[in-house]
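Q:
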Amino acid sequence: MDPTISVSKGCFVYKNGATRAGKKAASKRKRPAAESSSLLGKEVVQQPFYEEYRKAWNQINDHIADLQHRSYARTLEQLVDFVVGQAERDTPDEVLPTAALLTGINQPDHLSQFTALTQRLHAQRAAMVCVLQSRDCATLKAAVETLVFGLVEDNAEVEQMEDEDEDEDGAERDRKRLRRSQCTMKQLKSWYTNNFDSEQKRRQLVVILPDFECFNASVLQDLILILSAHCGSLPFVLVLGVATAMTAVHGTLPYHVSSKIRLRVFQTQAAPTGLNEVLDKVLLSPKYAFHLSGKTFKFLTHIFLYYDFSIHGFIQGFKYCLMEHFFGGNAFALCTDYSKALGRIKQLTHEDMETIRRLPSFRPYVEQINDCKRIIAVLTDDDYLKKKLPQLLRDCLLHFLLFRCSLEFLTELVGDLPRCPLGKLRRELYVNCLNRAIISTPEYKECLQMLSFLSKDEFVAKVNRALERTEQFLVEEIAPLELGEACTAVLRPKLEAIRLAVDEVVKATMATITTTSPNETRQATDHLTPVASRQELKDQLLQRSKEDKMRHQLNTPTTQFGRALQKTLQLIETQIVQDHLRALQDAPPIHELFVFSDIATVRRNIIGAPRAALHTALNNPHFYMQCKCCELQDQSLLVGTLPDLSVVYKLHLECGRMINLFDWLQAFRSVVSDSDHEEVAQEQIDPQIQARFTRAVAELQFLGYIKMSKRKTDHATRLTW
Amino acid sequence: MEAICSSLEPLFPCREAAIETLGELIGDSSETYPSAIYLFGHSGTGKTALTRAFLKECGKRQNVRTAHLNAIECYTTKIMLEILLDSLAPDQGDALKVDNMLDFVEQLRRQAATRVEDQGFLIAVDNAERLRDMDANVLPVLLRLQELTNLNLCVILLSQLPFEKFYNKTGLSEIVCLHLAQYNKAETQRILGSDFQQVRNQLLEQFAQDKKRLEICQEAVTEDFYNNYLNLFLSVFYKACRDVPELQLTARKCLSTYLEPVLDGTVDATDISRLWRHIAGPLRSALTQIYMRIEKPAEEVEDFTAIEDQSVRKLAQSLELPYYAKFLLIAAFLASHNAAKQDKRLFVKHHGKQRKRMQTVNARAKTTEKMSTTLGPKSFSIDRLLAIFYAILEEKVGLTCNLLSQISTLVHLNLLSFVSGEQNIMEGSARLQCTIGLEFVLQIGKVVGFNVRQYLCDFM
Chain A
1 MDPTISVSKG
11 CFVYKNGATR
21 AGKKAASKRK
31 RPAAESSSLL
41 GKEVVQQPFY
51 EEYRKAWNQI
61 NDHIADLQHR
71 SYARTLEQLV
81 DFVVGQAERD
91 TPDEVLPTAA
101 LLTGINQPDH
111 LSQFTALTQR
121 LHAQRAAMVC
131 VLQSRDCATL
141 KAAVETLVFG
151 LVEDNAEVEQ
161 MEDEDEDEDG
171 AERDRKRLRR
181 SQCTMKQLKS
191 WYTNNFDSEQ
201 KRRQLVVILP
211 DFECFNASVL
221 QDLILILSAH
231 CGSLPFVLVL
241 GVATAMTAVH
251 GTLPYHVSSK
261 IRLRVFQTQA
271 APTGLNEVLD
281 KVLLSPKYAF
291 HLSGKTFKFL
301 THIFLYYDFS
311 IHGFIQGFKY
321 CLMEHFFGGN
331 AFALCTDYSK
341 ALGRIKQLTH
351 EDMETIRRLP
361 SFRPYVEQIN
371 DCKRIIAVLT
381 DDDYLKKKLP
391 QLLRDCLLHF
401 LLFRCSLEFL
411 TELVGDLPRC
421 PLGKLRRELY
431 VNCLNRAIIS
441 TPEYKECLQM
451 LSFLSKDEFV
461 AKVNRALERT
471 EQFLVEEIAP
481 LELGEACTAV
491 LRPKLEAIRL
501 AVDEVVKATM
511 ATITTTSPNE
521 TRQATDHLTP
531 VASRQELKDQ
541 LLQRSKEDKM
551 RHQLNTPTTQ
561 FGRALQKTLQ
571 LIETQIVQDH
581 LRALQDAPPI
591 HELFVFSDIA
601 TVRRNIIGAP
611 RAALHTALNN
621 PHFYMQCKCC
631 ELQDQSLLVG
641 TLPDLSVVYK
651 LHLECGRMIN
661 LFDWLQAFRS
671 VVSDSDHEEV
681 AQEQIDPQIQ
691 ARFTRAVAEL
701 QFLGYIKMSK
711 RKTDHATRLT
721 W
Chain B
1 MEAICSSLEP
11 LFPCREAAIE
21 TLGELIGDSS
31 ETYPSAIYLF
41 GHSGTGKTAL
51 TRAFLKECGK
61 RQNVRTAHLN
71 AIECYTTKIM
81 LEILLDSLAP
91 DQGDALKVDN
101 MLDFVEQLRR
111 QAATRVEDQG
121 FLIAVDNAER
131 LRDMDANVLP
141 VLLRLQELTN
151 LNLCVILLSQ
161 LPFEKFYNKT
171 GLSEIVCLHL
181 AQYNKAETQR
191 ILGSDFQQVR
201 NQLLEQFAQD
211 KKRLEICQEA
221 VTEDFYNNYL
231 NLFLSVFYKA
241 CRDVPELQLT
251 ARKCLSTYLE
261 PVLDGTVDAT
271 DISRLWRHIA
281 GPLRSALTQI
291 YMRIEKPAEE
301 VEDFTAIEDQ
311 SVRKLAQSLE
321 LPYYAKFLLI
331 AAFLASHNAA
341 KQDKRLFVKH
351 HGKQRKRMQT
361 VNARAKTTEK
371 MSTTLGPKSF
381 SIDRLLAIFY
391 AILEEKVGLT
401 CNLLSQISTL
411 VHLNLLSFVS
421 GEQNIMEGSA
431 RLQCTIGLEF
441 VLQIGKVVGF
451 NVRQYLCDFM
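Taken in sequence, the protein lines are chains A and B. Counting in our numbering, the first sequence runs from 1 upward without gaps. Counting in our numbering, the second sequence runs from 1 upward without gaps.
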């Protein structure tokens, strides 16, 4: 590479197969060779793992879209009824009917909500819709022109759907005649009078402002005054998308504007509520074979809750995890339904089998085999391993189903305890159960203690509710699945055993009452002993208190209710929690085919860190450019073959707050030029080197690392420390 | 003229003097109109409604062409001229094209010459103060349009400002000024009471299905009953609001609450003191909603109290912000209201000792005028915002695109605003300002468990 070429000169494409510095040459994951173009080539699309990936993503995406559509349906119905209802109500004064939709910040479907509203109104043929974006309405003139043009064009589009020749000609005529400069309210009024003046064809004119806060306040006020002035002759309805709260509306519109509108507030559901719905119904659904590990799951929800409340961002992050998982190789095509996976096993090649053998959970599986011949066969014979794979796959799928059912049970059991030690929501329990063995955690012991403190009625009701919930989950969600019968066969006897234990808890009350009557009899007998003197009375009382203490200690483990309660909790712990809610380390062999846990890759790709990326690019250009001349043994080294900007950047890191440009230039020259010309160069600086230095400094200034100092001449100020 | 005035007076009670004056000025198209009339008054006093009704009556009873336009809509002179010509000479159809004032005058004169049956022209311009922002010749030409066109033409300007605000270098010609004063309490009650029949009919329609309530309503809702209600209503609301449309809206809302015990049979219609005790609470709570204009359908009345509570506390809790965005907002408030010199002392753990000097002690003496929470926010740079953000946040957070994009989100939501350098964020010279108040940020800090007062110089 020519050392004088800077990184800002253009793009670099290298295909020499060089690996990244610091990365091992043989990567554990075997990936298909990436094409230079951004689109995937044919050989990738036809791979089995890509088919499975596409199928899984399409199912999940449709499910999420359906969920979101259903959650918005109620609000949209109300909004459509509001718009249609304005036609029946005639207002004598100039009051503009207005709907304010509280959409929340960073809602991913702001525009899609309004698009759905537009489609509903078109389907009912009740209104013509124009969506005004704040970027199109910098001035009042632009706002009115966009509004009128949008309404007229909207009508033209609707007319074209009808395929009526006469209407098409009318639309054509209207469109030819219309220019932007002619879009005024007078034009809109005459156009509406010509087309919709009869009573049957009357339609509302809906104006939607999706991002209310981004509008210029004065433009918005004037626009509302104009629309309300025309309410007598044109049936306008205004729809506002408000991101924060109603005070934004009252703060932006002064009284002489707000007195012209009649406001109706509609509320959408909160963003965390929407996310919880997506998580419960899609990511934690037993229908899909793909799962996220606890850390990955927590990472994605962390971005949502702490950074941006963006459901769309969350969904894209999940899609990235899905993509990264399936692109690990053809072996991951087994992450699908059981019967389809059996079909995929036949297509696996030797390399795919080696991928399976390299999974971390495969090693304990091999070590537990007793027969040496079978160990050798598993490690070397592909056909033998293919015969073993169906059983391993079945164990894995069954494990995840049982995990999910037990999670349902535990969520109901501990979700509403005081202070929620393990978490209130199912997703929190999911993360806790997957990350480590939950039995050994102090939060779990705390939950058990709280359950022990419950009264009999509360305990019995809670456990029964958990049992009913799990039974319902088995019937509704698990039974339709392929391995549903196997899962039900394993879990139903355990639920039955717990139910029997609960019945014993109910019966234990009678026994407790029975044990109290002998104590009363004994006390009555003791009371009858005569007392001869004061000292004798003291001795008797002291002895009686000692006997009471001993009896109390003996009674604690012998209470039937207590014993029945402990037995039930023990049964829940052994049968449900210990067997099925296992941590990921204790999962069955080859579970890596179904669980994605490579969080480092996701973090590096999803979380954009611009400063870190810039620093890496300038400090170690080989990381990105993969060329021979830039290779560094140590990242702190300075080599003359580095790009000029990189050399200047590294030199400026060694300086203090103020950098003398001449000293900087001298250091730059000593790095870049050859040493045998040292004597001659001391006299004067090569103009070429000076030009390279000047350009590198200008680029560094553009990037924001330095700026020229105003106090000292020939000095630059560092902006970052 | 007498016919016009007598037909308008029932519609506009307490405006008889104004109607009579307008009738004398422009009530007879056979007489010469004045050149211009200026009608001004506060909002809600009936300027537009009265003028619109008057022009409608003139157009109906006499051969008068009328034009009524809104100056807000006329963001270019051409639009205004086209609207005027379209209203005054409607036969041209789609061929209408006016480019400047001279063209307008010429076309108007030509059109009027071909229609000798039109005896007069009346032009009303609403929100006339916007004419001051248009071309320099618009206002003088409108005021002299009668001379220029040689027609019996009058221009009526409606505005909220007095005519002295229409200063012009070359001076403006004389104009007839007519002031519509604000209504006093007796006039307000008379206006609100004038729709008694309409309200009574609405109530009878509402209870048409319920026979028992219908009978009680017919018997109880009398004119005296309604006037008593309005008297009580105005005794509460007139101190806070003088706007007649607003009062009318709220009076109709609260009437159902006032009528409820009478319909239930618990209170007699003539027992005013008990009715007052029943309505006093709802009236006072409605006083806080007087300007909101939020419409509630009947089935959502249960949520009435919850959703319309506009206190800052509820707003801070209901505003959904992610965790780090809340801390960014707190950091922005601290950066706006603390001096930059105090940052080291506030946010660094070992900031060294500080010697006491008389100059320092005197400078730190607090006076109300100097408190920055009273003076208002100052600007800060993005670097300082991020430095304070990392100082007040206990956990370690990387500087990622997700975090930086929250700054633009807060700007979009008007919680922060750019003071300068909006285009130079890359260079680092952009300066921001926090627009929220102290109470708001205290509530947000309480939600995330951060004590904001502890870090404000004014409260140390």
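Here a beta-carbon is modelled for each residue, glycine too, at the ideal position from N, C-alpha and C.
With three or more C-beta pairs closer than 8 Å as the rule, is the region 364-382 of chain A touching the region 454-468 of chain A?
A: no
Q: When the distance is taken between beta carbons, is Cys-405(A) closer than 8 Å to Ile-478(A)?
A: yes
Q: Among Phe-389(B), Asp-458(B), Ser-417(B), Thr-400(B), which one has its Cα closest to the Cα of Ala-430(B)?
A: Ser-417(B)
Q: Compare the Cα-Cα distances from Val-236(B) to each of Leu-22(B), Trp-276(B), His-337(B), Val-105(B) and report the closest residue.
A: For Val-236(B), the nearest C-alpha among the options comes from Trp-276(B).
Q: Is Met-185(A) close to chain B? Criterion is C-beta to C-beta, closer than 8 Å.
A: Yes, because at least one Cβ of chain B sits closer than 8 Å to the Cβ of Met-185(A).
Q: Check the DSSP bridge columns for Ser-381(B) and list the partner residues they point to.
A: Answer is Arg-431(B), bridged to Ser-381(B).
Q: Taking only beta-carbon positions, decide if Asp-81(A) is within less than 8 Å of chain B.
A: no
Q: With a threshold of 8 Å on Cβ separation, who are the neighbours of Val-506(A) within its own chain once the five nearest residues in sequence on each side are excluded?
A: Excluding the 5 residues flanking it on each side, Val-506(A) has same chain C-beta neighbours closer than 8 Å at Lys-456, Val-460, in chain order.
Q: Hey, out of Ala-181(B), Met-101(B), Thr-222(B), whose CA is closest to Asn-201(B)'s CA?
A: Thr-222(B)
Q: According to DSSP, which residues form a beta bridge with Ala-127(A)?
A: For Ala-127(A), which the question treats as bridged, DSSP gives the partners Gln-204(A).
Q: Taking the straight line between their C-alpha atoms, what separation do you get for Val-131(A) and Leu-55(B)?
A: 36 Å
Q: My output table needs one value for Glu-168(A): the three-state DSSP class, helix, strand or coil.
A: Interpretation of Glu-168(A) is limited by its pLDDT of 46, a score under 50 that renders its predicted location unreliable; the figure taken from the coordinates is listed afterwards. The answer is helix: DSSP assigns Glu-168(A) an H, G or I state.
Q: Check this for me: beta carbons of Ile-303(A) and Gly-294(A), under 8 Å apart or not?
A: no
Q: Give me the chain A residues within the contact set of Tyr-499(B), using Cβ-Cβ distance strictly less than 9 Å, ordered along the chain.
A: Coverage of chain B is limited to positions 1 through 460, which leaves residue 499(B) absent and any answer about it impossible.
Q: Does Gln-523(A) come within less than 8 Å of chain B when only Cβ atoms are used?
A: Bear in mind that a pLDDT of 46 at Gln-523(A), under 50, signals an unreliable position, so the number given afterwards is only what the model happens to contain. Output row for Gln-523(A): interface = no.
Q: Thr-435(B): which of Ala-332(B), Arg-110(B), Ala-181(B), Asn-184(B) sits nearest, CA to CA?
A: Ala-332(B)
Q: Got a sec: is the Cβ-Cβ distance from Ser-767(A) to anything in chain B below 8 Å?
A: Since the first and last residues shown for chain A are 1 and 721, residue 767(A) lies out of range.
Q: So is Arg-582(A) buried or exposed if we call it buried at 16+ other beta carbons inside 10 Å?
A: Label assigned to Arg-582(A): buried.
Q: Consult DSSP for Ser-753(A) and reduce its assignment to one of helix, strand or coil.
A: Past the edges of chain A, shown from 1 to 721, lies residue 753(A), and the structure says nothing about it.
Q: List, in order along the chain, the chain A residues whose C-beta lies closer than 8 Å to that of Leu-11(B)?
A: Simply none; closest approach about 12 Å.
Q: Check whether the region 279-291 of chain A touches the region 47-66 of chain A, counting contact only when three or more Cβ pairs, one atom from each stretch, lie closer than 8 Å.
A: yes
Q: Indicate the three-state DSSP secondary structure (helix, strand or coil) for Gly-437(B) in the structure shown.
A: coil
Q: Tell me which residues share the same chain as Ser-29(B) and place their Cβ nearer than 8 Å to its Cβ, disregarding the 5 neighbours each side in the sequence.
A: Cys-58, Gln-62, Asn-63, Val-64, Gln-119, Gly-120, Asn-152, listed in sequence order.
Q: Between Lys-650(A) and the ligand SAM, is the CB less than 7 Å from at least one heavy atom?
A: The ligand SAM is not among the ligands present in this structure, which contains no ligands whatsoever.
Q: Could you tell me if Ser-173(B) is buried or exposed, where buried requires 16 or more neighbouring beta carbons within 10 angstroms of its beta carbon?
A: Exposure of Ser-173(B) is indicated by the presence of fewer than 16 other C-beta atoms within 10 angstroms of its C-beta.
Q: Using 8 Å as the limit for Cβ to Cβ distance, is His-652(A) near chain B?
A: no
Q: Going along the chain, which residues of the region 594-614 of chain A sit with their C-beta nearer than 7 Å to a C-beta in chain B?
A: Ile-607, Gly-608, Ala-609, Pro-610, Arg-611
Q: Closer than 8 Å, Cβ to any Cβ of chain A: which residues of the region 241-253 of chain B, in chain order?
A: Asp-243, Pro-245, Glu-246
Q: Per the contact definition of three or more C-beta pairs closer than 8 Å, is the region 208-216 of chain A in contact with the region 235-255 of chain A?
A: yes
Q: Please tell me whether Ile-606(A) and Tyr-365(A) are closer than 8 Å, where the distance is taken between their beta carbons.
A: no
Q: For a quick check, are the C-beta atoms of Leu-139(B) and Leu-131(B) less than 8 Å apart?
A: yes
Q: I need the boundaries of the alpha helix (DSSP H) containing Lys-287(A), first residue and last residue.
A: If you look at Lys-287(A), you'll find it isn't in any alpha helix (DSSP H); DSSP assigns it neither H nor E.
Q: Just tell me which of Ala-143(A), Cys-396(A), Phe-309(A), Val-647(A) has its CA closest to the CA of Asn-276(A).
A: Phe-309(A)
Q: According to DSSP, is Val-249(A) part of a helix, a strand, or is it coil?
A: helix
Q: Just the C-alpha distance for Phe-40(B) and Phe-225(B), rounded to the nearest angstrom, thanks.
A: 35 Å
Q: Quick check on the burial criterion: 16 or more other C-beta atoms within 10 angstroms. Buried or exposed for Asn-70(B)?
A: buried
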